[in-house]
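Engineer: Chains as they are written, first to last, in the numbering used here: chain A, 358 to 796; chain B, 8 to 365. Note that CB positions come from ideal geometry on N, CA and C, so glycine has one too. Remember, predicted model here, so these are calculated numbers, not experimental data.
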Amino acid sequence: MTRRTLGMVLLAVVLAGGPLIAAVSAQDKTLYIPLLVYRTGPYAPSGTPLANGLRDYLTLLNERDGGINGVKITVEECETQYDTKQGVECYERLKSKNPLVVNPYSTGITYQLIPKAAVDKIPVHSMGYGMTASADGRWFPWVFNFPTTYWSQASAFVKYVGQQEGGLDKLKGKKIVHVFHNSPYGKEANPTLEELARRHGFELTLLPVDHPGQEQKATWLQVRRINPHWIYVSGWGVMNQVAVKEAGAINFPMQNMIGNWWTGSEADVIPSGEAAKGYKSTAFTAPGQNFKVIQDILKHVYDKGKGAGDKATVGEVLYNRGVVNMMFDTEAIRLAMTNFKTQSPTGEQVRWGFEHLNVTEKRLEELGMKGFTRAVKISCDDHEGNGPVMIQQWDGKKWAIVSDWIEPMRDVVRPKLEAAAVEEGKKLGYTQRDCAKEK
Amino acid sequence: MIYREAGHFKTSYASDQAIFPIVQDRWFVMAALGVAFVVPPLFAGEYWLQAVLIPFLVYALAALGLNLLTGYAGQLSLGTGGFMAVGAYSAFKLTTAFPGLNIVLVFLLAGLVAAAVGVLFGIPSLRIKGFYLAVATLAAQFFLIWLFNKVGWFVNYSSSGTATAPPRTMLGVMVTGPQATAGVRYLVALSLVVVLALVAKNLVRGRVGRSWMAIRDRDIAAEIIGIKPLETKLLAFAVSSFYCGVAGAELLFLYLGSVETLAFDINLSFLVLFMVIIGGLGSVLGSFLGAAFIVLVPIFLTNAPHWIGLGLPTDTQKQIELMVFGGLIVFFLIVEPSGLARLWSITKEKLRLWPFPH
Numbered sequence: 358m359t360r361r362t363l364g365m366v367l368l369a370v371v372l373a374g375g376p377l378i379a380a381v382s383a384q385d386k387t388l389y390i391p392l393l394v395y396r397t398g399p400y401a402p403s404g405t406p407l408a409n410g411l412r413d414y415l416t417l418l419n420e421r422d423g424g425i426n427g428v429k430i431t432v433e434e435c436e437t438q439y440d441t442k443q444g445v446e447c448y449e450r451l452k453s454k455n456p457l458v459v460n461p462y463s464t465g466i467t468y469q470l471i472p473k474a475a476v477d478k479i480p481v482h483s484m485g486y487g488m489t490a491s492a493d494g495r496w497f498p499w500v501f502n503f504p505t506t507y508w509s510q511a512s513a514f515v516k517y518v519g520q521q522e523g524g525l526d527k528l529k530g531k532k533i534v535h536v537f538h539n540s541p542y543g544k545e546a547n548p549t550l551e552e553l554a555r556r557h558g559f560e561l562t563l564l565p566v567d568h569p570g571q572e573q574k575a576t577w578l579q580v581r582r583i584n585p586h587w588i589y590v591s592g593w594g595v596m597n598q599v600a601v602k603e604a605g606a607i608n609f610p611m612q613n614m615i616g617n618w619w620t621g622s623e624a625d626v627i628p629s630g631e632a633a634k635g636y637k638s639t640a641f642t643a644p645g646q647n648f649k650v651i652q653d654i655l656k657h658v659y660d661k662g663k664g665a666g667d668k669a670t671v672g673e674v675l676y677n678r679g680v681v682n683m684m685f686d687t688e689a690i691r692l693a694m695t696n697f698k699t700q701s702p703t704g705e706q707v708r709w710g711f712e713h714l715n716v717t718e719k720r721l722e723e724l725g726m727k728g729f730t731r732a733v734k735i736s737c738d739d740h741e742g743n744g745p746v747m748i749q750q751w752d753g754k755k756w757a758i759v760s761d762w763i764e765p766m767r768d769v770v771r772p773k774l775e776a777a778a779v780e781e782g783k784k785l786g787y788t789q790r791d792c793a794k795e796k
Numbered sequence: 008m009i010y011r012e013a014g015h016f017k018t019s020y021a022s023d024q025a026i027f028p029i030v031q032d033r034w035f036v037m038a039a040l041g042v043a044f045v046v047p048p049l050f051a052g053e054y055w056l057q058a059v060l061i062p063f064l065v066y067a068l069a070a071l072g073l074n075l076l077t078g079y080a081g082q083l084s085l086g087t088g089g090f091m092a093v094g095a096y097s098a099f100k101l102t103t104a105f106p107g108l109n110i111v112l113v114f115l116l117a118g119l120v121a122a123a124v125g126v127l128f129g130i131p132s133l134r135i136k137g138f139y140l141a142v143a144t145l146a147a148q149f150f151l152i153w154l155f156n157k158v159g160w161f162v163n164y165s166s167s168g169t170a171t172a173p174p175r176t177m178l179g180v181m182v183t184g185p186q187a188t189a190g191v192r193y194l195v196a197l198s199l200v201v202v203l204a205l206v207a208k209n210l211v212r213g214r215v216g217r218s219w220m221a222i223r224d225r226d227i228a229a230e231i232i233g234i235k236p237l238e239t240k241l242l243a244f245a246v247s248s249f250y251c252g253v254a255g256a257e258l259l260f261l262y263l264g265s266v267e268t269l270a271f272d273i274n275l276s277f278l279v280l281f282m283v284i285i286g287g288l289g290s291v292l293g294s295f296l297g298a299a300f301i302v303l304v305p306i307f308l309t310n311a312p313h314w315i316g317l318g319l320p321t322d323t324q325k326q327i328e329l330m331v332f333g334g335l336i337v338f339f340l341i342v343e344p345s346g347l348a349r350l351w352s353i354t355k356e357k358l359r360l361w362p363f364p365h
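#1: If A:R708 sits next to A:W499, beta carbons under 8 angstroms apart, how far is it from one beta carbon to the other, in whole angstroms?
#2: How big is the Cα-Cα spacing for A:P565 and A:I425?
#3: For a test of the three-state rule: what should DSSP assign to B:T240, helix, strand or coil?
#4: I'd like to know whether the C-beta of B:N156 is nearer than 8 angstroms to at least one C-beta of chain A.
#5: Taking beta-carbon pairs under 7 angstroms, can you tell me which members of the region 478-503 of chain A lie near chain B?
#6: Flag this pair as yes or no: are the beta carbons of A:A546 and A:A600 separated by less than 8 angstroms?
#7: Near A:E436, which residues of its chain fall below 6 angstroms by C-beta distance, leaving aside the five closest residues on each side in sequence?
#8: Near A:D625, which residues of its chain fall below 6 angstroms by C-beta distance, leaving aside the five closest residues on each side in sequence?
#9: Which residues, in order along the region 243-265 of chain B, keep a beta-carbon less than 9 angstroms from a beta-carbon of chain A?
#10: Using CA coordinates, which residue listed in A:K719, A:P745, A:Y448, A:L392 is at the minimum distance from A:A643?
#11: By Cβ distance below 6 angstroms, which residues in the same chain neighbour A:Y486 in space, the five residues on each side in sequence not counted?
#12: With C-beta atoms as the reference, is B:G190 less than 8 angstroms away from B:L303?
#13: Closer than 8 angstroms, CB to CB, is B:E230 near chain A or not?
#14: Rounded C-beta distance between B:G86 and B:L145? I'm assuming under 8 angstroms.
#15: Check for me: the alpha helix (DSSP H) holding A:P504 runs from which residue to which?
#16: Between B:G88 and B:D224, how many whole angstroms is the CB-CB distance? I'm expecting something under 8 angstroms.
#17: Hey, quick one: how far does the beta strand (DSSP E) through A:L393 stretch, first residue to last?
#18: Which same chain residues end up closer than 7 angstroms to A:T788 when comparing Cβ atoms and leaving out the 5 residues on each side of it in sequence?
#19: Give the secondary structure of B:M220 by DSSP, where H, G and I count as helix, E and B as strand, and everything else as coil.
#20: Where does B:H313 sit, in a helix, a strand or coil, going by DSSP?
#21: Among the candidates A:K649, A:V674, A:V476, whose CA atom is the shortest distance from the CA of A:S638?
#22: By Cβ distance, which residues of its chain are closer than 6 angstroms to B:G72, with the 5 residues on each side in sequence left out?
#23: Suppose the cutoff is 8 angstroms on Cβ atoms and the five residues either side in sequence are ignored; what does the same chain contact list for B:Q186 look like?
#24: Please list the partners that A:T397 has in chain B, where partner means a Cβ-to-Cβ separation under 7 angstroms.
#25: Just the C-alpha distance for B:N156 and A:T441, rounded to the nearest angstrom, thanks.
#26: Can you say whether B:P62 is buried or exposed, counting buried as having 16 or more other CB atoms within 10 angstroms of its CB?
#27: Taking only beta carbons into account, state which residues of the region 82-102 of chain B come closer than 7 angstroms to chain A, listed in chain order.
#28: Measuring alpha carbon to alpha carbon, tell me which residue in A:V394, A:A776, A:G494 is nearest A:H713.
#29: Taking the alpha-carbon positions, what's the B:L101 to A:K727 distance?
#30: Beta strand (DSSP E) containing A:M747: first to last residue?
#31: Can you check whether the C-beta of B:G107 is within less than 8 angstroms of a C-beta belonging to chain A?
#32: DSSP three-state call for B:A51: helix, strand or coil?
#33: Would you kindly report the start and end of the unbroken beta strand (DSSP E) that includes A:L563?
#34: Please report the straight-line C-alpha distance between A:R421 and B:T309, rounded to a whole angstrom.
#35: Taking just the CA atoms, how far does B:F363 sit from B:G52?
#36: Please check if any C-beta of chain A sits within less than 8 angstroms of the C-beta of B:Y164.
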């Protein structure tokens with residue numbers, strides 16, 4: 358075939374494909390949910406199972422229930438590589454399709470989107486990450502970070518350590534090290550930890566690890582010198598597995614090392630092999646496949662070949678985290694659709710849905726999520742849901758929950774949170790809402 | 008036939024020294040500037056302004072700064088990200104300390120701070136050259152990023168560690184902050200870029216630029232004929248860091264709105280270096296062409312599969328994008344090592360002769 362003919366054929370194919378594009382993009386009424394994910398780059402080990410969980414739950418709703426209240430969901434993934442600039446580009450590109458909610462999955466991108474969301478009228482759900490101060494809904498009506506925040510988590514970590522030591526008063530003189538990702542995300546827990554160190558008398562050392570977190574030899578040499586009783590890790594992506602490996606290399610007792618809820622998943626411990634046994638982390642979702650919703654996903658999504666990832670990864674820690682995230686979002690959308698009696702809710706209505714969300718234990722059971730996570734109730738001034746956490750532990754083969762739900766120290770966290778909300782809100786030129794006036 | 012100097016008689020020194028000697032060039036550039044000032048704020052959507060045009064202007068300014076240093080003065084520098092960070096954080100500190108100060112003045116002062124830092128890190132250039140100087144500037148990059156991470160004073164002890172651009176007005180219009188529209192921010196960035204590009208063009212046409220090029224080509228010969236290497240090289244670092252500092256301040260105030268040190272890491276330095284190399288070393292136009300290439304190609308590669316209806320999974324798409332991008336860079340360096348600016352000047356030369364190729 359000559360080049361000219363080849364060119365003509367190619368042109369014909371493109372032209373013929375044109376009507377196909379028109380057919381594909383012809384919109385019936387659907388609910389559009391974009392997913393900002395990272396399946397490439399240094400944060401892919403954490404981002405990929407999350408993205409799969411997010412995607413699969415929405416596919417499940419489409420396949421099993423026919424969507425939400427009968428309206429199908431359109432999902433679109435956008436690759437951000439955990440990079441703020443790419444995240445902003447994704448958001449700007451997908452904004453025109455009327456997304457009902459956006460999950461930035463990066464504290465950096467969340468900070469960028471918080472001011473834009475209020476102007477564009479798109480609710481931001483930064484589940485367990487993002488700007489902790491946005492838990493005060495009086496200042497940030499468009500941002501939700503339930504079911505819990507980094508500051509609550511830090512206080513729950515200290516509570517757990519206190520429990521293990523035999524009482525919070527026994528913490529006096531103990532050495533605790535916080536190894537954190539040197540970014541706004543990693544630094545979030547520090548003010549709370551410092552405050553609690555003052556109150557309970559433990560020695561806190563803060564050790565930052567620079568992005569992307571592959572070089573930690575110097576940090577862990579310092580840890581060995583300090584010889585702490587407990588280590589708290591706030592990592593993400595490739596930093597997690599390196600931290601676990603290095604801790605094993607200095608023979609630190611792994612049951613005294615606790616990662617935060619983004620620092621405890623299969624990808625973080627499997628590379629270290631035997632050395633990672635006993636490593637703990639906090640969590641607000643339970644791992645494993647023993648839940649009706651996960652079984653439904655395997656049946657309705659994977660058996661039909663529509664799964665987003667590998668079947669063996671279903672039930673992983675971060676996979677389940679993604680499932681819970683979409684459960685909260687779809688429940689809020691469902692609440693908005695039911696309350697406003699509409700098939701195509703607006704961003705303002707979905708925001709209302711988020712703010713009046715009340716997922717009870719009974720509802721969790723209906724969704725097939727009994728024991729998966731805890732009930733959560735959102736209100737105008739509390740976008741955090743006062744989140745408790747559990748502790749999970751790696752036994753060499755799988756993650757398992759080893760504690761009850763631990764309530765955060767609300768008396769320590771909430772006043773600081775409200776002060777921070779005032780500071781951050783004033784920076785953006787917001788005014789405080791009066792929750793009593795609204796309904 | 009149409010595009011040539013013949014027939015245009017210059018009657019004054021000023022017209023003889025004009026930047027664009029051919030009158031069609033002058034008309035074209037004036038028209039292009041007119042279009043650039045009028046069309047995007049009125050007609051371009053938010054996506055084009057926020058994700059394409061404003062980053063293009065910011066990167067073009069940074070590429071211009073690096074081109075002055077690497078392309079004209081021959082001092083290879085990998086510290087661009089660090090100098091942009093200096094500009095951004097010093098602008099942030101200045102505007103939060105003096106809220107009444109005009110924001111453009113804040114940018115220029117931040118540029119001066121970045122210039123001072125640039126001079127400091129440019130001192131090794133008096134003893135080392137080429138690849139080794141690149142490593143010394145790499146030290147600048149890492150040190151500055153570490154400094155901004157470590158010292159909370161630079162972000163006013165914010166608990167999140169990010170510097171957020173406070174709302175500022177100019178002539179009654181909101182210029183920075185979340186209420187500022189993309190159109191207004193674009194106009195401010197464009198005005199700054201036009202003015203600074205004009206300054207850069209005149210710098211490189213004059214004595215300073217010629218001394219830089221002399222140092223670049225034969226530094227020992229340059230020293231012998233009386234060009235002081237100390238002052239010339241440090242001036243190159245100062246001016247380049249000034250431009251990079253202003254670009255960094257623009258990145259914070261006009262493009263992103265809030266910034267963490269991750270935005271200024273080594274990848275940004277490499278990106279600006281690629282812009283300069285692809286656009287053309289030693290050419291003001293080349294900085295703009297390189298910046299346009301680097302901003303537009305990834306966006307085109309991300310969106311193109313959607314336009315032809317090809318639905319690829321996002322990670323495959325991203326990997327293909329990276330491969331194609333790298334391949335294009337290699338292709339350009341093989342086909343035209345002097346960059347896109349050289350392609351443009353070859354086109355102009357051919358246009359001068361058209362339709363008579365000999």
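Structural biologist: Judging by the given coordinates:
#1: Here residue 708 of chain A corresponds to residue number 351 of the first sequence, with the count starting at 1. Here residue 499 of chain A corresponds to residue number 142 of the first sequence, with the count starting at 1. Confirmed, about 6 angstroms.
#2: On the first sequence, position 208 is the one that residue 565 of chain A refers to. On the first sequence, position 68 is the one that residue 425 of chain A refers to. If I take the Cα positions, the gap works out to 43 angstroms.
#3: Position 233 of the second sequence, counted from the first residue, corresponds to residue 240 of chain B. The amino acid occupying residue 240 of chain B in the given sequence is Lys; Thr does not appear at that position. Here B:K240 carries a helix assignment [DSSP, helix/strand/coil].
#4: As a working mapping, residue 156 of chain B is identified with position 149 in the second sequence. So, interface residue.
#5: Contacts with chain B (Cβ-Cβ distance below 7 angstroms) from the region 478-503 of chain A involve M488, listed in chain order.
#6: The residue given as residue 546 of chain A occupies position 189 in the first sequence. The residue given as residue 600 of chain A occupies position 243 in the first sequence. Taking a C-beta distance under 8 angstroms as the contact criterion, A:A546 and A:A600 do not qualify as a contact pair.
#7: On the first sequence, residue 436 of chain A is found 79 positions in, with the first residue counted as 1. Here the set comprises nothing.
#8: Your numbering for residue 625 of chain A matches position 268 in the first sequence. Taken in chain order, the residues that qualify are N597, Q598, V601.
#9: For the region 243-265 of chain B, residues whose beta-carbon sits nearer than 9 angstroms to a beta-carbon of chain A comprise Y262, L263, G264, S265.
#10: Your numbering for residue 643 of chain A matches position 286 in the first sequence. Measuring C-alpha to C-alpha distances from A:A643 to each of A:K719, A:P745, A:Y448, A:L392 identifies A:P745 as the nearest.
#11: Taking the first sequence and counting its residues from 1, the one referred to as residue 486 of chain A is at position 129. The answer, listed in chain order, is T464.
#12: The count along the second sequence starts at 1 and reaches residue 190 of chain B at position 183. The count along the second sequence starts at 1 and reaches residue 303 of chain B at position 296. No, the Cβ-Cβ distance between B:G190 and B:L303 is not below 8 angstroms.
#13: Taking the second sequence and counting its residues from 1, one reaches residue 230 of chain B at position 223. Taking CB atoms only, B:E230 has no neighbour in chain A less than 8 angstroms away.
#14: For the purposes of this step, residue 86 of chain B is taken as residue 79 along the second sequence, with counting starting at 1. For the purposes of this step, residue 145 of chain B is taken as residue 138 along the second sequence, with counting starting at 1. Sure, about 7 angstroms apart at Cβ, within 8 angstroms.
#15: Your numbering for residue 504 of chain A matches position 147 in the first sequence. It is not in any alpha helix (DSSP H) - A:P504 carries neither H nor E in the DSSP assignment.
#16: Locating residue 88 of chain B in the second sequence gives position 81, where the first residue counts as 1. Locating residue 224 of chain B in the second sequence gives position 217, where the first residue counts as 1. By a beta-carbon distance limit of 8 angstroms, B:G88 does not contact B:D224. Their separation comes to about 28 angstroms.
#17: Start at 1 with the first residue of the first sequence, and residue 393 of chain A comes out as number 36. Its beta strand (DSSP E) spans residues 388-394.
#18: As a first step, residue 788 of chain A is located in the first sequence; it is residue number 431 there, counting from the start. Taken in chain order, the list of residues that qualify is empty.
#19: Translated into the one-based positions of the second sequence, residue 220 of chain B becomes position 213. Of the three classes helix, strand and coil, the one that applies to B:M220 here is helix, per DSSP.
#20: Counting from 1 along the second sequence, the entry for residue 313 of chain B is found at position 306. Helix at B:H313.
#21: Position 281 of the first sequence, counted from the start, is the residue given in the question as residue 638 of chain A. Nearest in C-alpha terms to A:S638, of all of A:K649, A:V674, A:V476, is A:V674.
#22: One-based indexing of the second sequence puts residue 72 of chain B at position 65. S247, Y250, C251, listed in sequence order.
#23: Walking along the second sequence from the start, residue 186 of chain B turns up at place 179. Excluding residues within five positions, the ones whose Cβ falls inside 8 angstroms are P174.
#24: Here residue 397 of chain A corresponds to residue number 40 of the first sequence, with the count starting at 1. Correct list: D322, K325, Q326.
#25: Taking the second sequence and counting its residues from 1, the one referred to as residue 156 of chain B is at position 149. Taking the first sequence and counting its residues from 1, the one referred to as residue 441 of chain A is at position 84. Rounded to the nearest angstrom, the two C-alpha atoms are 17 angstroms apart.
#26: One-based indexing of the second sequence puts residue 62 of chain B at position 55. Classification of B:P62: buried, given that the 10 Å Cβ count is 16 or more.
#27: Within the region 82-102 of chain B, no residue qualifies.
#28: In the first sequence, counting from the first residue as 1, residue 713 of chain A sits at position 356. Ranked by how close their Cα comes to the Cα of A:H713, the residues A:V394, A:A776, A:G494 have A:G494 in first place.
#29: Taking the first residue of the second sequence as 1, we reach residue 101 of chain B at position 94. Taking the first residue of the first sequence as 1, we reach residue 727 of chain A at position 370. Cα-Cα distance, rounded: 54 angstroms.
#30: One-based indexing of the first sequence puts residue 747 of chain A at position 390. Counting along the chain, the beta strand (DSSP E) containing A:M747 begins and ends at 747-751.
#31: Position 100 of the second sequence, counting from 1, holds the residue named residue 107 of chain B. At a cut-off of 8 angstroms, the C-beta of B:G107 has no neighbouring C-beta in chain A.
#32: Position 44 of the second sequence, counted from the start, is the residue given in the question as residue 51 of chain B. DSSP places B:A51 outside both helix and strand once states are collapsed to three, so it counts as coil.
#33: Stepping through the first sequence from its first residue, residue 563 of chain A is reached at position 206. Residues 560-566.
#34: Looking up residue 421 of chain A in the first sequence gives position 64. Looking up residue 309 of chain B in the second sequence gives position 302. Those two C-alpha atoms are separated by around 32 angstroms.
#35: For the purposes of this step, residue 52 of chain B is taken as residue 45 along the second sequence, with counting starting at 1. For the purposes of this step, residue 363 of chain B is taken as residue 356 along the second sequence, with counting starting at 1. If you take the alpha carbons of B:G52 and B:F363, they lie about 43 angstroms apart.
#36: Counted from its first residue, the second sequence places residue 164 of chain B at position 157. Closer than 8 angstroms to the CB of B:Y164 there is not a single CB belonging to chain A.
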